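All residue numbers for the sequence shown refer to this note's numbering, where the first residue is 95 and numbers rise by one.
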Amino acid sequence: MAKQEKFLLLSLEEDKAKELANAISNETSRKILNYLTEKEASEHKLAKNLKLPASTINYNIKNLLKANLIEVKDFYWSEKGNKINMYQVANKLIVISPKHDVNELKVNIKRILPVALLSFITTGFIYIFTKTKNLVSFGVQAPQKALDSSRGLVAESASITQDTSQTPTEIFQQIIHEPNYALWFFLGSLFVIVVYVLINLIRKKK
95 MAKQEKFLLL SLEEDKAKEL ANAISNETSR KILNYLTEKE ASEHKLAKNL
145 KLPASTINYN IKNLLKANLI EVKDFYWSEK GNKINMYQVA NKLIVISPKH
195 DVNELKVNIK RILPVALLSF ITTGFIYIFT KTKNLVSFGV QAPQKALDSS
245 RGLVAESASI TQDTSQTPTE IFQQIIHEPN YALWFFLGSL FVIVVYVLIN
295 LIRKKK
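Below, the structure is given as structure tokens:
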């Protein structure tokens with residue numbers, strides 16, 4: 095099965111852009127889209143719930159498929175042996191470009207999207223790892239500090255108050271002031287993406 099792209103890049107001069115505009119401007123098509131955003135449905139179910147003729151639903155479904163606004167998620171066989179498609183809203187990012195350099199822009203988007211996605215995922219892992227590390231550190235250090243303080247009770251009673259009062263505060267402050275590695279990584283990744291886009295724009299102007 096061919097891999098489906100997660101974004102749709104169109105030029106205003108393409109026929110697909112016109113199909114997209116016609117589909118969005120049609121009231122029946124908008125009703126179908128609104129319904130499919132909630133749950134998937136077949137043509138028969140759409141006609142029944144929207145109280146529209148089956149022929150009208152079929153016509154608009156074809157237009158929405160051409161415009162890549164919906165897609166076939168699954169299908170089943172009816173009692174009469176007919177194939178019934180189940181439709182859902184297409185999970186795609188639609189980008190409309192007013193210029194002719196659609197292919198070049200498409201290549202640039204393909205390059206940026208994986209980097210941006212990887213940055214978000216890595217940022218999440220770093221954030222979770224940092225929080226988990228801090229919690230484990232707090233869980234290990236607090237009992238140890240308490241044990242050290244209890245031993246100090248026998249050795250020197252005068253130092254009890256100072257040790258027990260400073261230990262939890264120092265540990266908590268250490269956790270609070272822990273560098274936010276996830277935030278810095280995200281900002282760095284965002285900076286690299288912005289620089290990459292600016293460099294491409296400068297090259298186009300030359």
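Even glycine gets a Cβ: it sits at the ideal position worked out from N, Cα and C.
The model shown is predicted, which means the values in this text are computed figures rather than measured ones.
query, result
"With C-beta atoms as the reference, is Ala161 less than 9 Å away from Ile118?", "yes"
"Can you tell me whether DSSP reads Asn152 as helix, strand or coil?", "helix"
"Starting from Lys133 and walking both ways along the beta strand (DSSP E), at which residues does that stretch end?", "Lys133 -> no beta strand (DSSP E), and no H or E assigned at all."
"Could you spell out where the alpha helix (DSSP H) holding Glu137 opens and where it closes?", "Glu137 to Leu144"
"I'd like to confirm the pairing. Which residues does DSSP put opposite Phe169 in its beta bridges?", "Asn179"
"May I have the straight-line CA-CA distance separating Glu113 from Glu173, to the nearest angstrom?", "35 Å"
"What does DSSP give as the partner residue(s) for Ile164 in the beta ladder?", "Val183"
"Considering only their Cβ atoms, is the gap separating Val183 from Leu130 smaller than 9 Å?", "yes"
"Look at the Cβ atom of Ser123, then the Cβ atom of Leu163, and state whether they are nearer than 9 Å.", "yes"
"When the Cα atoms are used, what is the spatial distance from Thr226 to Leu281?", "22 Å"
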